[in-house]
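Visitor:
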Amino acid sequence: VSSGASLTFTSSNWNTNQNVTLAAAEDSDTTNGTRPFTVASSGLTSVTVTATEADNDGTTTQSLVVSSTSVSVPEGSTATYTVRLAALPSGNVTVTNTAGSGDTNITVSSGSSLTFTTSNWSTPQTVTLAAAEDSDSTAGTRPITVASSGLTSVTVTATEADNDGGTGGPRADNPYANAGVYVNPQWRAKALAEPGGSRIANQPTGVWFDRISALTGNGSPTTGTMGLADHLDQAVTQDAANGSTPMVIQIVVYNLPGRDCAALASNGELGPTELARYKSEYIDVMAGILARPAYANLRIVAIIEIDSLPNLVTNVGGRATATAMCDTMLANRGYVDGVGYALAKLGAIPNVYNYIDAAHHGWVGWDDNFGATANMMFTAATASGSTAANVHGFITNTANTSALTEPYVGSVTEQLRQTTWIDWNRYNDELTFAQAFRSRLIQSGFSSGIGMLIDTSRNGWGSCVQTPCQPTQATRPTAASTSTDPNTFVNQSRIDRRIHKGNWCNQAGAGLGERPRSAPATGIDAYVWIKPPGESDGSSSLIPNDEGKGFDRMCDPTYPGNARNGNSMSGALPNAPVSGHWFSAQFQQLMANAYPPLS
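Position one of the sequence shown corresponds to residue 1 (full-length UniProt numbering), numbered consecutively onward.
Here's what the structure looks like:
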């Protein structure tokens with residue numbers, strides 16, 4: 001054991017993997033020796049790990065190791081696989097990659113001949129395949145033979161991901177209808193690494209691009225951070241494996257200047273006057289990638305700028321909830337013109353479906369906010385050369401925890417509007433709000449064909465069995481309260497167990513909600529998981545970072561609140577990392593409190 005001979009687990013890190021490193025010394029024999037290692041702790045059943053030496057002294061049979069024997073090559077673009085040797089050779093080995101009979105549009109563009117030496121034999125070398133543009137709608141195939149003298153050859157089957165009207169088809173009224181939805185391999189890997197995470201690891205989630213550098217990334221599906229093209233390439237591969245079913249990929253466009261003017265935790269890299277950079281370095285680059293022919297068969301759902309436009313209604317002027325930054329962004333039109341520009345550029349791409357973020361019922365549902373927010377949406381949709389036709393729909397509850405329905409509270413009567421929890425709001429759940437807001441948006445000038453999405457990634461509110469839970473977050477009710485006092489009736493009957501509807505950061509007691517599915521209710525295109533479960537809303541204390549993200553006291557569990565949450569406790573989980581970073585404790589809580597429950 002070279003490291004990790006003794007590990008310490010605490011009440012905070014008990015479910016975080018700790019590494020034990022084993023070392024195998026060089027020797028001269030040709031035996032793959034074994035040795036047992038006992039993993040033990042007082043009072044617990046021990047586990048035996050058997051370690052086997054992978055000998056490098058000539059016992060391994062030489063062979064070709066190919067990363068994949070099936071590769072999807074986007075038409076008009078490229079795809080790769082890698083080759084290495086299985087064992088140390090006695091001298092130089094030449095490996096050829098030769099295209100056989102089949103679709104001649106697929107060719108080996110680089111790596112047709114590879115040389116391995118006694119120094120680089122175990123280092124994968126890349127072979128690049130290209131698929132030329134053509135006018136047919138056939139996803140042709142071509143075998144690539146990987147060969148070397150004296151070794152068994154390997155066949156890689158290359159399949160063209162056609163972009164001429166094949167699986168993508170005509171523009172859909174509801175892009176989610178009869179479609180598969182992209183599973184982010186990096187989120188999936190994090191979910192699988194969590195105890196019990198395999199139950200949801202194959203669910204589709206949104207991919208957030210919250211700074212300029214996120215568009216390019218710095219790695220691959222297995223290392224580093226995937227960029228936009230990396231995710232799109234993976235979506236094309238998933239589409240190729242999906243048969244004739246179309247493929248949706250959900251991306252979050254989230255980098256406005258002066259971003260999130262009312263919440264420090266999600267502030268961004270661009271200052272309030274940097275609209276030009278937003279356009280040229282972010283939206284233009286994004287549009288250029290999305291418009292590539294290789295991705296024409298995908299249905300790309302673009303979620304446009306979370307929380308931006310509602311802030312220009314609720315957090316400006318003389319309101320108690322106003323902030324100086326929101327006043328600035330209203331006055332300089334950074335949000336309005338930025339959203340309009342994004343809609344115009346992305347809306348010009350035939351297979352992009354724009355959905356503007358419309359906050360949630362606990363933010364926009366009051367009379368003073370409802371119509372004004374709908375009108376603000378139309379103002380932005382017709383700014384910077386855009387038209388309302390660039391808007392396919394809207395999304396509510398993104399990264400929020402508002403309950404989808406409140407079956408035991410029922411309709412919001414005038415008497416119930418006066419209760420502390422509902423607080424004169426016209427709505428008390430997301431489904432009712434989303435359907436009503438859709439009608440109001442149409443009244444403001446949007447097409448009658450617009451659809452709504454609801455983010456259900458964290459609004460299940462099942463039994464609060466996970467510590468910590470706030471005192472008000474009791475077991476999920478199973479029936480309406482019998483109390484005749486309106487406040488008691490609502491508090492005992494409500495599914496949403498937050499302290500206040502204005503609480504938004506890493507809420508204690510929240511659970512996974514409805515699983516993603518299309519057309520679940522009238523006017524609703526889909527329930528979606530745009531906020532990936534397990535990604536933090538913000539840090540519980542100040543954590544320096546290079547992403548422009550600040551510390552918001554609403555993420556501090558000791559914070560007694562402000563005007564935006566009725567001066568109530570924040571209800572946030574402790575020990576949270578910076579927004580967007582993995583938060584294991586939250587992920588475990590969401591699974592434990594899921595409703596419908598996980599099997």
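Quick reminder that beta carbons are idealized off the backbone N, C-alpha and C, glycines included.
Determine the direct distance from the alpha carbon of I289 to that of D357, and round the result to whole angstroms.
Guide: Along the sequence shown, one-based indexing puts residue 357 at 357. Along the sequence shown, one-based indexing puts residue 289 at 289. About 22 Å.
Visitor: For G217, which beta-bridge partners are listed by DSSP?
Guide: The residue given as residue 217 occupies position 217 in the sequence shown. Beta-bridge pairing by DSSP links G217 to M226.
Visitor: Return the CA-CA distance between G168 and H581, expressed in angstroms with no decimal places.
Guide: Working through the sequence shown from its first residue, we reach residue 168 at position 168. Working through the sequence shown from its first residue, we reach residue 581 at position 581. Residue placement at G168 cannot be trusted, given a pLDDT of 47 that sits under 50; the coordinates are not used to answer.
Visitor: What's the gap between the Cα of T237 and the Cα of R299?
Guide: Here residue 237 corresponds to residue number 237 of the sequence shown, with the count starting at 1. Here residue 299 corresponds to residue number 299 of the sequence shown, with the count starting at 1. Between the alpha carbons of T237 and R299 lies a distance of about 14 Å.
Visitor: In the DSSP output, what is E160 paired with across the bridge?
Guide: Here residue 160 refers to the residue found at position 160 when the sequence shown is read from its first residue. Answer is V73, bridged to E160.
Visitor: Between which two residues does the alpha helix (DSSP H) carrying M591 extend?
Guide: In the sequence shown, residue 591 corresponds to position 591, counting from 1. S584 to A592 is the span of the alpha helix (DSSP H), which, as asked, contains M591.
Visitor: Is N92 buried or exposed, if buried means 16 or more other CB atoms sit within 10 Å of its CB?
Guide: Reading the sequence shown from its first residue, position 92 is the one you call residue 92. Exposed: under 16 other Cβ atoms inside 10 Å.
Visitor: F116 to M329, Cα distance in whole Å?
Guide: The residue you call residue 116 lines up with position 116 of the sequence shown. The residue you call residue 329 lines up with position 329 of the sequence shown. Cα to Cα, the separation comes out at about 58 Å.
Visitor: Identify whether Q418 lies in helix, strand or coil by the three-state DSSP scheme.
Guide: As a position in the sequence shown, residue 418 is number 418, starting the count at 1. Here Q418 sits in coil by DSSP.
Visitor: Among residues of its own chain, excluding the 5 on either side of T472, which ones have a beta-carbon nearer than 7 Å to its beta-carbon?
Guide: Taking the first residue of the sequence shown as position 1, residue 472 is located at position 472. Only weak support exists for where T472 lies, its pLDDT of 49 falling under 50; the coordinates are left without a value.
Visitor: Mapping the DSSP letters down to three states, classify G168 as helix, strand or coil.
Guide: Within the sequence shown, residue 168 is the residue found at index 168, counting from 1. For G168, the predicted structure reports a pLDDT of 47, less than 50, and the residue's modelled location is therefore unreliable. A value from the coordinates is still provided. In the structure shown, G168 sits in coil (DSSP, three-state: anything other than H, G, I, E or B).
Visitor: Rank Q250, G150, T128 and S213 by C-alpha distance to the C-alpha of N184 and give the top, closest one.
Guide: Position 184 of the sequence shown, counting from 1, holds the residue named residue 184. Taking only the C-alpha atoms, the option nearest N184 is Q250.
Visitor: For F489, which residues in the same chain have their Cβ closer than 6 Å to its Cβ, ignoring the five residues on either side in sequence?
Guide: Translated into positions along the sequence shown, residue 489 becomes position 489. Cβ neighbours of F489 beyond the five flanking positions: S481 and S483.
Visitor: Give me the DSSP bridge partner(s) of D423.
Guide: For the purposes of this step, residue 423 is taken as residue 423 along the sequence shown, with counting starting at 1. Beta-bridge pairing links D423 to no other residue.
Visitor: Please list, in chain order, all residues of the same chain as L151 whose beta carbon is under 7 Å from its beta carbon, the five residues on each side excluded.
Guide: Position 151 of the sequence shown, counted from the first residue, corresponds to residue 151. Result list for L151: Q62, S63 and L64, in chain order.
Visitor: Ignore the nearest five residues each way along the sequence and tell me which others in I442's own chain have a CB closer than 8 Å to its CB.
Guide: Stepping through the sequence shown from its first residue, residue 442 is reached at position 442. In its chain, beyond the 5 residues on either side, S448 and I450 have a beta carbon closer than 8 Å to the beta carbon of I442.
Visitor: What are the partner residues of D357, as DSSP defines its beta bridges?
Guide: Start at 1 with the first residue of the sequence shown, and residue 357 comes out as number 357. Paired residues: I395.
Visitor: With DSSP run on the structure shown, which of helix, strand or coil describes P310?
Guide: The residue you call residue 310 lines up with position 310 of the sequence shown. Helix, per DSSP.
Visitor: Can you tell me which of the three DSSP states D455 falls into?
Guide: As a working note, residue 455 is residue 455 in the sequence shown. Reduced to three states, the DSSP call for D455 is strand.
Visitor: Just the Cα atoms here: how many angstroms apart are D260 and A147?
Guide: Along the sequence shown, one-based indexing puts residue 260 at 260. Along the sequence shown, one-based indexing puts residue 147 at 147. Roughly 55 Å separates the two Cα atoms.
Visitor: Which word fits W424, buried or exposed, when buried means at least 16 other C-beta atoms lie within 10 angstroms of its C-beta?
Guide: Position 424 of the sequence shown, counting from 1, holds the residue named residue 424. Exposed: under 16 other Cβ atoms inside 10 Å.
Visitor: Could you check if V108 is buried or exposed, using at least 16 other CB atoms within 10 Å of its CB as the buried criterion?
Guide: Mapped onto the sequence shown, residue 108 falls at position 108. It is buried - the Cβ of V108 has at least 16 other Cβ atoms within 10 Å.
Visitor: Rounded to a whole number of angstroms, what is the C-alpha to C-alpha distance between T321 and W208?
Guide: Mapped onto the sequence shown, residue 321 falls at position 321. Mapped onto the sequence shown, residue 208 falls at position 208. Answer to the nearest angstrom: the Cα atoms are 27 Å apart.
Visitor: Grab me the residues of A5's own chain with a C-beta within less than 8 Å of its C-beta, minus the 5 sequence neighbours each way, in chain order.
Guide: Working through the sequence shown from its first residue, we reach residue 5 at position 5. Answer for A5: V20, listed in chain order.
Visitor: Check whether the Cβ atoms of N332 and T273 lie closer than 8 Å to each other.
Guide: Reading the sequence shown from its first residue, position 332 is the one you call residue 332. Reading the sequence shown from its first residue, position 273 is the one you call residue 273. The Cβ-Cβ distance between N332 and T273 falls below 8 Å.
Visitor: Which residues bound the alpha helix (DSSP H) around Q492?
Guide: In the sequence shown, the residue the question calls residue 492 occupies position 492. Residues P486 to S493.
Visitor: Do you know how far the Cα of E535 is from the Cα of F587?
Guide: In the sequence shown, residue 587 corresponds to position 587, counting from 1. In the sequence shown, residue 535 corresponds to position 535, counting from 1. Their backbone Cα atoms lie some 8 Å apart in a straight line.
Visitor: Is the distance from the Cβ of T69 to the Cβ of T145 below 8 Å?
Guide: Sequence index remark: in the sequence shown, residue 69 carries index 69 (1-based). Sequence index remark: in the sequence shown, residue 145 carries index 145 (1-based). No, these two residues do not count as a Cβ contact at 8 Å.
Visitor: Strictly by DSSP, which residues pair up with T401?
Guide: As a working mapping, residue 401 is identified with position 401 in the sequence shown. Its beta-bridge partners do not exist; DSSP assigns none.
Visitor: Only counting the same chain, and skipping five residues up and downstream in sequence, which positions put a Cβ closer than 7 Å to that of W421?
Guide: Position 421 of the sequence shown, counted from the first residue, corresponds to residue 421. Taken in chain order, the residues that qualify are V490, N491 and R494.
Visitor: Between G550 and D537, what straight-line distance do the alpha-carbon atoms span, to the nearest angstrom?
Guide: The residue given as residue 550 occupies position 550 in the sequence shown. The residue given as residue 537 occupies position 537 in the sequence shown. Each residue's alpha carbon lies about 11 Å from the other.
Visitor: Looking only at DSSP bridge pairs, what is residue 638 linked to?
Guide: With the chain running from 1 to 599 in the structure shown, residue 638 is simply not present.
Visitor: DSSP state of residue 651, grouped into three classes?
Guide: The structure shown has nothing for residue 651, since the chain only spans 1 to 599.
Visitor: In angstroms, rounded to a whole number, what distance separates the CA positions of F446 and G393?
Guide: Working through the sequence shown from its first residue, we reach residue 446 at position 446. Working through the sequence shown from its first residue, we reach residue 393 at position 393. In a straight line, the C-alpha of F446 is about 9 Å away from that of G393.
Visitor: Under 8 Å Cβ to Cβ from P516, same chain only, skipping five residues before and after it: list those, please.
Guide: Taking the first residue of the sequence shown as position 1, residue 516 is located at position 516. So the qualifying residues of the chain are V181, Q203, P204, T456, A526, Y527, V528 and W529.
Visitor: Output the distance between the C-alpha atoms of N242 and R142, rounded to the nearest integer angstrom.
Guide: Along the sequence shown, one-based indexing puts residue 242 at 242. Along the sequence shown, one-based indexing puts residue 142 at 142. Spanning the two alpha carbons is a distance of roughly 19 Å.
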